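Participant:
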Ligand code: NAD
Ligand code: UD1
């Protein structure tokens, strides 16, 4: 059993991971500034697991509070989700992205080092592969990025590799997520975008429930089976279980980069059709030009995750749509019932 500091644990992927960690018997302390989440998510995790949760309302830029928290709860491991994640926003406000993501991670690493805590699992993204040079994407694919959000992830990865090179007593697992989707099967926790969603699945869900009029499909002239972009969507519960596996094997001297994807690609139109089936609602859409910075196709080779973690995705696109819809239908305003 580990004592885990979960930065960003109230967020979308963090909250689902906390459920899996608690159900497996680990102790967790959520550390979040709630800049993109709600304390209600923590209540819901408690409701799902029947366990009381320790949490600290704090910023990862605040090294002192991080140190106090790690010390107070005697944490031996950190899972680091906290950060900003919108590609568009990162282009208009790069300083906030480098500050929260890069400076925030440095502050966390300094706090960990000062207390001799050297086990960390970090949330990276398939965005670090840039424009795919071959598919499926293996962890050895060359790294490159096209926007400040992606740059911040790559810089953090490089920092972690340098930390390990300087002190091999660290145990570092860098998880590169493909496209998280879906929600917990209870419908109690899920993704709660503060503004109009940028990502496909939450956008489709809000069209299905009638909050948004129609989906704009960015590009129907890609070199893909139906002309629309193809991605590797992964159920957030599968992703959460990947973190559990990562925690189970952390502690060895290591610095690993591991893809968390399914290995299967679906197009935008596949997602629209699967969501219509799961929700029994219409999802009207129109075609528009390609979105700047998008790639045609992106999917993982998930073999290394199976080899190193003994993990593979078990849930498919129908589960993702069914669970996403349950969350959307029972929480039409996310965690904000007053809206
Ligand atoms: P999210 O926004 O739902 O969760 C991030 C959490 O971190 C939020 O609860 C937010 O309040 C908190 N946070 C942000 N800045 C903070 C700070 N300075 N101090 C303390 N807390 C802070 O995002 P998510 O989808 O759960 O993503 C989690 C991580 O995974 C992020 O690092 C993200 O970049 C990465 N990631 C996400 C995706 C995706 O599509 N969701 C894909 C690849 C990688
Ligand atoms: C986006 C980010 C990526 C980030 C990932 C995780 C960009 C360019 N990339 O990836 O860096 O790691 O989210 O959250 O923002 N689509 C539509 N209409 C929409 C929304 C999306 O047609 O309203 C299409 C896109 O063109 C794409 C697919 O749906 O083909 C998936 O898009 P999205 O969910 O935004 O994810 P990515 O673009 O893969």
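Residue numbers (the numbering used here): 240 to 578.
Note that the Cβ used here is the ideal one computed from N, Cα and C, for glycine as well.
Just so we're clear, the structure is a prediction, and the values are computed from it rather than from any experiment.
Where residue 446 and residue 551 are concerned, what is the direct C-alpha to C-alpha distance, given to the nearest angstrom?
Facilitator: Taking the first residue of the chain shown as position 1, residue 446 is located at position 207. Taking the first residue of the chain shown as position 1, residue 551 is located at position 312. If I take the Cα positions, the gap works out to 31 Å.
Participant: Under 6 Å Cβ to Cβ from residue 394, same chain only, skipping five residues before and after it: list those, please.
Facilitator: Position 155 of the chain shown, counted from the first residue, corresponds to residue 394. Cβ neighbours of residue 394 beyond the five flanking positions: 341.
Participant: With DSSP collapsed to three states, give me the class of residue 423.
Facilitator: Along the chain shown, one-based indexing puts residue 423 at 184. Residue state, collapsed to three classes: coil.
Participant: Can you list, in chain order, the residues of its chain with a C-beta nearer than 8 Å to that of residue 349? Leave out the 5 residues immediately preceding and following it.
Facilitator: Numbered from its first residue, the chain shown carries residue 349 at position 110. Result list for residue 349: 302, in chain order.
Participant: For residue 427, does the count of other Cβ atoms within 10 angstroms reach 16, so buried, or fall short, so exposed?
Facilitator: For this step, residue 427 is matched to residue 188 along the chain shown. It is buried - the Cβ of residue 427 has at least 16 other Cβ atoms within 10 Å.
Participant: Does the stretch 354-362 touch the stretch 475-491, meaning 3 or more C-beta pairs lie closer than 8 Å?
Facilitator: Yes: the two stretches touch, three or more of their Cβ pairs being nearer than 8 Å.
Participant: Using 8 Å as the threshold, is the stretch 250-262 in touch with the stretch 277-290, meaning 3 or more CB pairs across them?
Facilitator: Yes, the stretch 250-262 touches the stretch 277-290.
Participant: For residue 460, does the count of other Cβ atoms within 10 angstroms reach 16, so buried, or fall short, so exposed?
Facilitator: For the purposes of this step, residue 460 is identified with residue 221 of the chain shown, where counting begins at 1. Answer is exposed; the Cβ neighbour count stays below 16.
Participant: How would you write the range of the alpha helix (DSSP H) that residue 404 sits in, first residue to last?
Facilitator: For the purposes of this step, residue 404 is taken as residue 165 along the chain shown, with counting starting at 1. Taken as a continuous stretch (DSSP letters only), the alpha helix (DSSP H) holding residue 404 covers 387-405.
Participant: Excluding the 5 residues preceding and the 5 following residue 650 in the sequence, name in chain order all residues of the same chain whose CB lies nearer than 6 Å to its CB.
Facilitator: As shown, the chain starts at 240 and ends at 578. That puts residue 650 outside it, with no answer to give.
Participant: How far does the alpha helix (DSSP H) with residue 257 in it extend, from its first residue to its last?
Facilitator: Sequence index remark: in the chain shown, residue 257 carries index 18 (1-based). It spans 251-262 - the alpha helix (DSSP H) in which residue 257 sits, taken as one unbroken run.
Participant: Below 8 Å, is the gap between the Cβ of residue 294 and the nearest heavy atom of the ligand NAD?
Facilitator: Stepping through the chain shown from its first residue, residue 294 is reached at position 55. Residue 294: no, Cβ never under 8 Å from the ligand NAD.
Participant: Threshold first: 3 residues or longer. Then list the beta strand (DSSP E) segments lying entirely within the stretch 340-381, N to C.
Facilitator: For the stretch 340-381, whole beta strand (DSSP E) runs of length 3 or above, ordered along the chain, are 358-364.
Participant: Decide yes or no for the touch test of the stretch 245-257 against the stretch 314-332: beta carbon pairs closer than 8 Å, at least 3 of them.
Facilitator: The stretch 245-257 is in contact with the stretch 314-332.
Participant: Note down, one range per segment and in chain order, each beta strand (DSSP E) of at least 3 residues found wholly within the stretch 490-557.
Facilitator: Runs of the beta strand (DSSP E) inside the stretch 490-557: 493-499, 524-527.
Participant: For the beta strand (DSSP E) containing residue 665, name the first residue and the last one.
Facilitator: Here the chain covers residues 240 to 578 and nothing more, so residue 665 does not appear.
Participant: Counting beta carbon pairs with one atom in the stretch 381-396 and one in the stretch 330-339, are three or more of them shorter than 8 Å?
Facilitator: Judged by Cβ distances under 8 Å, the stretch 330-339 makes contact with the stretch 381-396, as three or more pairs qualify.
Participant: At what residues does the alpha helix (DSSP H) containing residue 484 begin and finish?
Facilitator: Looking up residue 484 in the chain shown gives position 245. 475-487 is the extent of the alpha helix (DSSP H) around residue 484.
Participant: So, is residue 305 buried or exposed, given that buried needs 16 or more other C-beta atoms within 10 angstroms?
Facilitator: As a first step, residue 305 must be located in the chain shown, where it is residue number 66. Buried: at least 16 other Cβ atoms inside 10 Å.
Participant: DSSP three-state call for residue 283: helix, strand or coil?
Facilitator: In the chain shown, the residue the question calls residue 283 occupies position 44. Three-state DSSP puts residue 283 in a helix.
Participant: Taking the DSSP output, what are the residues bridged to residue 410?
Facilitator: As a working note, residue 410 is residue 171 in the chain shown. Per DSSP, 358, 493.
Participant: Do residue 351 and the ligand UD1 come close, with the Cβ less than 8 Å from some heavy atom?
Facilitator: Position 112 of the chain shown, counted from the first residue, corresponds to residue 351. Not so, every heavy atom of the ligand UD1 lies at least 8 Å from the Cβ.
Participant: Report yes if the C-beta distance between residue 377 and residue 477 is below 9 Å; otherwise report no.
Facilitator: Translated into positions along the chain shown, residue 377 becomes position 138. Translated into positions along the chain shown, residue 477 becomes position 238. It is not a contact, given that the beta carbons lie outside the stated cut-off.
Participant: Report yes if the C-beta distance between residue 534 and residue 524 is below 9 Å; otherwise report no.
Facilitator: Taking the first residue of the chain shown as 1, we reach residue 534 at position 295. Taking the first residue of the chain shown as 1, we reach residue 524 at position 285. Result no, Cβ atoms of residue 534 and residue 524 do not sit closer than 9 Å.
Participant: Output the distance between the C-alpha atoms of residue 281 and residue 272, rounded to the nearest integer angstrom.
Facilitator: In the chain shown, the residue the question calls residue 281 occupies position 42. In the chain shown, the residue the question calls residue 272 occupies position 33. Between residue 281 and residue 272, the C-alpha separation is close to 13 Å.
Participant: At the level of alpha carbons, what is the spacing between residue 536 and residue 353?
Facilitator: The residue you call residue 536 lines up with position 297 of the chain shown. The residue you call residue 353 lines up with position 114 of the chain shown. Each residue's alpha carbon lies about 43 Å from the other.
Participant: Taking the Cβ atom as the reference point for each residue, do residue 329 and residue 275 lie within a distance shorter than 9 Å?
Facilitator: What you label residue 329 is simply residue 90 of the chain shown in a count that begins at 1. What you label residue 275 is simply residue 36 of the chain shown in a count that begins at 1. Their beta carbons are not under 9 Å apart, which means residue 329 does not touch residue 275 by this criterion.
Participant: Which of the three DSSP states, helix, strand or coil, is assigned to residue 242?
Facilitator: The count along the chain shown starts at 1 and reaches residue 242 at position 3. Strand at residue 242.
Participant: Would you identify the three-state DSSP class for residue 416, choosing helix, strand or coil?
Facilitator: Sequence index remark: in the chain shown, residue 416 carries index 177 (1-based). If DSSP states are grouped into helix, strand and coil, residue 416 belongs with the strands.
Participant: With residue 296 as the anchor, note down where its beta strand (DSSP E) starts and where it stops.
Facilitator: Counted from its first residue, the chain shown places residue 296 at position 57. That run of the beta strand (DSSP E) goes 293-296.
Participant: Could you check where the alpha helix (DSSP H) with residue 309 kicks off and where it finishes?
Facilitator: Sequence index remark: in the chain shown, residue 309 carries index 70 (1-based). Looking at the DSSP string, the run of the alpha helix (DSSP H) that includes residue 309 is 302-311.
Participant: Whose C-beta lies closer than 6 Å to the C-beta of residue 565 among residues of the same chain, with five residues either side of it excluded?
Facilitator: Position 326 of the chain shown, counted from the first residue, corresponds to residue 565. Within the same chain, residue 565 has close Cβ partners 426.
Participant: Buried or exposed: which applies to residue 311, given that a residue is buried once 16 or more other Cβ atoms fall within 10 Å of its Cβ?
Facilitator: Stepping through the chain shown from its first residue, residue 311 is reached at position 72. Looking at its Cβ environment, which holds fewer than 16 other Cβ atoms inside 10 Å, residue 311 is exposed.
Participant: State the Cα-Cα distance for the pair residue 381 and residue 368, rounded to the nearest angstrom.
Facilitator: Residue 381 sits at position 142 when you count from the first residue of the chain shown. Residue 368 sits at position 129 when you count from the first residue of the chain shown. One C-alpha to the other measures close to 6 Å.
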